[in-house]
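Undergrad:
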Amino acid sequence: MQREQSTKTSEFDRFAEDYTTGVDRPLKRLLGKSASSFIQVKALYLMDHLKRQAKLKGRTDGGPHLLDFGCGTGEFLWFLDQYGFSGQLEGCDMSAGMLAEAAGRWSETEAPVLHVTGEGRLPFASASFDLITASCVYHHIPVDKRAPVTSEIFRLLKDGGQFVVFEHNPYNPLTRWMVARSPFDVNAELLTARVMADLMTEANFQPLKKDYILFFPPRLGWLRGLERYLRWLPLGGQYAVVGIKKADSAAPVTGE
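Under this note's numbering, the residues of the sequence shown are numbered 1196 to 1451, in order.
1) Please list the terminal residues of the continuous beta strand (DSSP E) segment that includes T1328.
2) State the Cα-Cα distance for the pair T1268 and L1294, rounded to the nearest angstrom.
3) If H1260 sits next to Q1283, beta carbons under 8 Å apart, how far is it from one beta carbon to the other, in whole angstroms?
4) Taking the runs of the alpha helix (DSSP H) that are 4 residues or longer, which of them lie wholly in the segment 1266-1347?
5) For A1442, collect the residues of the same chain with a Cβ closer than 7 Å to its Cβ; drop the 5 residues on either side in sequence, then sort them by chain order.
6) Measure the alpha-carbon distance for A1322 versus L1351 and round it to whole angstroms.
7) Reducing DSSP to helix, strand and coil, say where E1431 ends up.
8) Output the residue ranges of the alpha helix (DSSP H) runs that lie fully inside the segment 1353-1399 and measure 4 residues or longer, sorted by chain position.
9) Count the other CB atoms, across all protein chains shown, that sit within 10 Å of the CB of D1288; report buried if there are 16 or more and exposed otherwise.
10) Check whether the segment 1317-1336 touches the segment 1354-1370, counting contact only when three or more Cβ pairs, one atom from each stretch, lie closer than 8 Å.
11) Just confirm the distance between the C-beta atoms of F1453 and F1400, as a whole number of angstroms; I'd bet it's less than 8 Å.
12) Please report the straight-line C-alpha distance between A1388 and Y1424, rounded to a whole angstrom.
13) What does the alpha-carbon distance come out to for the pair P1318 and E1285?
14) Would you mind reading off the limits of the beta strand (DSSP E) that contains P1259?
15) What's the call for N1382, buried or exposed, on a 16-neighbour Cβ count within 10 Å?
16) Just how far apart, CA to CA, sit W1372 and P1412?
17) According to DSSP, is F1410 helix, strand or coil?
18) In whole angstroms, what is the alpha-carbon distance linking E1296 and W1273?
19) Pick out whichever of A1291, A1320, M1242, S1290 has its Cα sitting closest to the Cα of D1276.
20) Can you tell me which of K1404, R1376, L1418 puts its alpha carbon nearest to the alpha carbon of G1438?
21) E1397 and F1410: beta carbons closer than 7 Å?
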């Protein structure tokens, strides 16, 4: 198991410098202004979700404490900061190479705290975060490790905290074509939104929403306004699944 983790980490380290530029993903550059365009769309989705949640709850505090699980080179965190995220940002990843690239995005005064993590229990106290995100991380996690990871995320969230997962949609043929040809996604196994929602339910999250996104290439940004009317349709390039940790939710029993 340790060897499997070391191999996966070295793969991420090897692609760290090229991951941001998208050198290995020419089709992404064709469909978007850059490979970062796809991450930008997800950051905008999350900001819209948070604004709607704040409006519903009448939130008046300083904003949520967010952990981006599997933050890679930090693009998602960077876009959230650019779009005015009002809370505290942190990120974690098992690739030191990826985090080194992430640190280069920020000045010393504004950088979020970035943590190198291993497999298993994450180095945070229980109930540390209001919001945890995972953007295209789960398809890299071995199938038998997904449930324990989801339970660990549950542990880290405060009561009322939310887990927001973005993933590739295997029902979209173009997504499958791109993943099959990406060196970064070798050995990756896609999962449907229903499977992701089931993982959350098994970890005692209560379902909040499930949306399909990225129906149109980021290059066609003028069509983005139509996406909110299509989120029910399981043909978007990616999806978002949101679960909430209710105060009366019991932590799942897991083996050591």
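Just so it is clear, CB atoms sit at the ideal spot from N, CA and C, and this is done for glycine as well.
TA: Taking the structure as given:
1) On the sequence shown, residue 1328 is found 133 positions in, with the first residue counted as 1. First-last of the beta strand (DSSP E) with T1328: 1324-1330.
2) Within the sequence shown, numbered from 1, the residue matching residue 1268 stands at position 73. Within the sequence shown, numbered from 1, the residue matching residue 1294 stands at position 99. Looking at the two C-alpha atoms, the distance is approximately 6 Å.
3) By 1-based counting over the sequence shown, the position of residue 1260 is 65. By 1-based counting over the sequence shown, the position of residue 1283 is 88. So it is a contact: roughly 5 Å between Cβ atoms.
4) The segment 1266-1347 contains these whole alpha helix (DSSP H) runs: 1270-1277, 1291-1298.
5) On the sequence shown, residue 1442 is found 247 positions in, with the first residue counted as 1. Excluding residues within five positions, the ones whose Cβ falls inside 7 Å are D1354, G1355.
6) Position 127 of the sequence shown, counted from the first residue, corresponds to residue 1322. Position 156 of the sequence shown, counted from the first residue, corresponds to residue 1351. A1322 and L1351: Cα-Cα distance of roughly 5 Å.
7) In the sequence shown, counting from the first residue as 1, residue 1431 sits at position 236. One detail in the question is off: residue 1431 reads as Gly in this sequence, not Glu. If DSSP states are grouped into helix, strand and coil, G1431 belongs with coil.
8) 1368-1375, 1388-1397
9) Reading the sequence shown from its first residue, position 93 is the one you call residue 1288. With 16 or more other Cβ atoms within 10 Å, it is buried.
10) yes
11) It is not possible to answer for residue 1453, since the shown part of the chain is limited to 1196 through 1451.
12) For the purposes of this step, residue 1388 is taken as residue 193 along the sequence shown, with counting starting at 1. For the purposes of this step, residue 1424 is taken as residue 229 along the sequence shown, with counting starting at 1. If you take the alpha carbons of A1388 and Y1424, they lie about 18 Å apart.
13) Looking up residue 1318 in the sequence shown gives position 123. Looking up residue 1285 in the sequence shown gives position 90. Rounded to the nearest angstrom, the two C-alpha atoms are 13 Å apart.
14) On the sequence shown, position 64 is the one that residue 1259 refers to. P1259 -> no beta strand (DSSP E), and no H or E assigned at all.
15) Residue mapping note: residue 1382 aligns to position 187 of the sequence shown, counting from 1. So N1382 counts as exposed.
16) Taking the first residue of the sequence shown as 1, we reach residue 1372 at position 177. Taking the first residue of the sequence shown as 1, we reach residue 1412 at position 217. Between the alpha carbons of W1372 and P1412 lies a gap of roughly 15 Å.
17) Position 215 of the sequence shown holds residue 1410. Residue state, collapsed to three classes: coil.
18) Taking the first residue of the sequence shown as 1, we reach residue 1296 at position 101. Taking the first residue of the sequence shown as 1, we reach residue 1273 at position 78. One C-alpha to the other measures close to 12 Å.
19) As a first step, residue 1276 is located in the sequence shown; it is residue number 81 there, counting from the start. Of all alpha-carbon atoms in A1291, A1320, M1242, S1290, the one lying nearest the alpha-carbon of D1276 is that of M1242.
20) Taking the first residue of the sequence shown as 1, we reach residue 1438 at position 243. That would be K1404, whose Cα lies nearest to the Cα of G1438.
21) As a first step, residue 1397 must be located in the sequence shown, where it is residue number 202. As a first step, residue 1410 must be located in the sequence shown, where it is residue number 215. Contact flag unset, no.
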